[in-house]
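*Asks:* One structure coming up, written as structure tokens, with questions to follow.
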């Protein structure tokens, strides 16, 4: 978010706020889930975001979730956040 002037402030995510905070894994996972849901639900074509899965390797959290569009098309989103 805020990286490119061409996009509105509604576009993007705030994962950078998680880096270096030192919160426990459960708090970080909860924040990742909150940020992903808030980011994707801004788009009116998104019906739901859920079924999150998390795994950790060193200081990186790998996650996946299921996104459902308003046309009932489901996709798996995979990402990672270095903390």
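Numbering (the working numbering), first residue to last: 12 to 94. All C-beta atoms, glycine included, are put in the ideal place defined by N, C-alpha and C. Being a predicted model, the structure only gives us computed values, none of them experimental.
Report back the beta-carbon spacing between residue 71 and residue 90 to the nearest angstrom; my notes put them in contact at under 8 Å.
*Replies:* Indexing the chain shown from 1 puts residue 71 at position 60. Indexing the chain shown from 1 puts residue 90 at position 79. Not quite, the Cβ-Cβ distance comes to about 11 Å (not below 8 Å), so this is no contact.
*Asks:* List the DSSP bridge partners of residue 78.
*Replies:* By 1-based counting over the chain shown, the position of residue 78 is 67. In DSSP, residue 78 forms a bridge with 60 and 86.
*Asks:* Evaluate residue 43 with the Cβ neighbour count: other Cβ atoms within 10 Å of its Cβ, from every protein chain shown; 16 or more gives buried, anything less gives exposed.
*Replies:* Working through the chain shown from its first residue, we reach residue 43 at position 32. Label assigned to residue 43: buried.
*Asks:* With a threshold of 16 other CB atoms inside 10 Å of the CB of residue 85, please say whether the residue is buried or exposed.
*Replies:* Within the chain shown, the letter at position 74 stands for residue 85. Exposed is the call here.
*Asks:* Along the alpha helix (DSSP H) that carries residue 38, what are the first and last residues, could you check?
*Replies:* Mapped onto the chain shown, residue 38 falls at position 27. Here the alpha helix (DSSP H) through residue 38 covers 36–52.
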